[in-house]
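Working notes for the structure below.
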Amino acid sequence: MIAFLRYFLYTFYIFLSLFIVSPLAIIRPFNPANSYMFFKVFAFFMENFGGFKLHVEGAQKVVQTAPGVLIGNHQHNYDVLSVAKIFTRKTVVLGKFELGLIPFFGQIYFLFGNILVKRGNRKKAMKSMAMVEKKVLNNKLVVLVFPEGTRNTKKELKKFKKGAFYTALRTQSPLIPFSVSQFVAYCDFNTFKKIHIYVKVHDPIPTLGLTTQDIPALMEKSKKIIETGISELNQNYQ
1459 MIAFLRYFLY
1469 TFYIFLSLFI
1479 VSPLAIIRPF
1489 NPANSYMFFK
1499 VFAFFMENFG
1509 GFKLHVEGAQ
1519 KVVQTAPGVL
1529 IGNHQHNYDV
1539 LSVAKIFTRK
1549 TVVLGKFELG
1559 LIPFFGQIYF
1569 LFGNILVKRG
1579 NRKKAMKSMA
1589 MVEKKVLNNK
1599 LVVLVFPEGT
1609 RNTKKELKKF
1619 KKGAFYTALR
1629 TQSPLIPFSV
1639 SQFVAYCDFN
1649 TFKKIHIYVK
1659 VHDPIPTLGL
1669 TTQDIPALME
1679 KSKKIIETGI
1689 SELNQNYQ
């Protein structure tokens, strides 16, 4: 019952934060700073009234690295909160085009400066990604991508998809790996105790001069860094 209440509050504060920040999206549409403000407001609500506490290390590395591709582990819908304090005024989320078709949410998502990509047709997907890469370079953006492609609550990360790595190489932008503690597995959501989420942003991985032939090595290196970080952060629950 308490777990349900937690998730209800989580969802409520997402929509409340969207409602508060949405006028900014109308005044300055497509500005990534809109997303930054949303996450700032949302984190405030969740830490003060939602029963969560974020502990973040190395957030300044995201600010210092732009353009870049931010990659990390994805466990649960709660990850909207997990990334709240590593978002900058230049950070955007790379999402499926279909998200833009969801009433209200889709329009706000787009107006917040996030990027929608068509993935069904290969030719359209390639064209869409070329536009993304141009936007990343021209606006010096940091793109957030979950390379596993789906939620994963297991200890070991799933095999990474290549999309984030292609974007990094084509824009010659650094990869910025980050790890989130496995709070879903370690914390009891059926108590009134605060849920502590630990996040660590690692040193950027340069891609300058690398080619698509280097993708397997980059994927393996990134995966190892993120997994090691997760193990270290999980020690906070011991």
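Sequential numbering of the sequence shown, starting at 1459, is according to this note's numbering.
All C-beta atoms, glycine included, are put in the ideal place defined by N, C-alpha and C.
Beta-bridge annotation (DSSP): H1654 is paired with K1511. Contact annotation: the segment 1624-1632 does not touch the segment 1554-1564, with fewer than three C-beta pairs closer than 8 Å.
Within the segment 1534-1577, the runs of beta strand (DSSP E) that reach at least 3 residues and sit entirely inside it are, in chain order, 1549-1554 and 1573-1575. R1464 and H1532 do not touch by the CB rule: their CB atoms are close to 19 Å apart, not below 8 Å. Looking only at V1594, G1667, Q1640 and D1646, the smallest Cα-Cα distance to I1684 is reached by Q1640.
Contact between V1575 and L1552 is confirmed by a C-beta separation of about 6 Å, below the 8 Å threshold.
DSSP, reduced to helix, strand and coil, places G1530 within a strand of the structure shown.
Each residue's CA atom was taken as its position, placing L1528 and F1604 some 8 Å apart.
L1476 is positioned such that its CB atom lies no closer than 8 Å to that of I1573. In its chain, beyond the 5 residues on either side, N1492, I1566, L1569 and F1570 have a beta carbon closer than 7 Å to the beta carbon of A1483. In this structure, DSSP gives S1637 an extended state, which the three-state scheme calls strand. In this structure, the straight-line span from the alpha carbon of G1667 to that of A1675 is close to 14 Å. Per DSSP, the continuous alpha helix (DSSP H) segment holding L1627 begins and ends at G1621 to R1628. In this structure K1585 is exposed. Its beta-carbon is surrounded by fewer than 16 other beta-carbon atoms within 10 angstroms.
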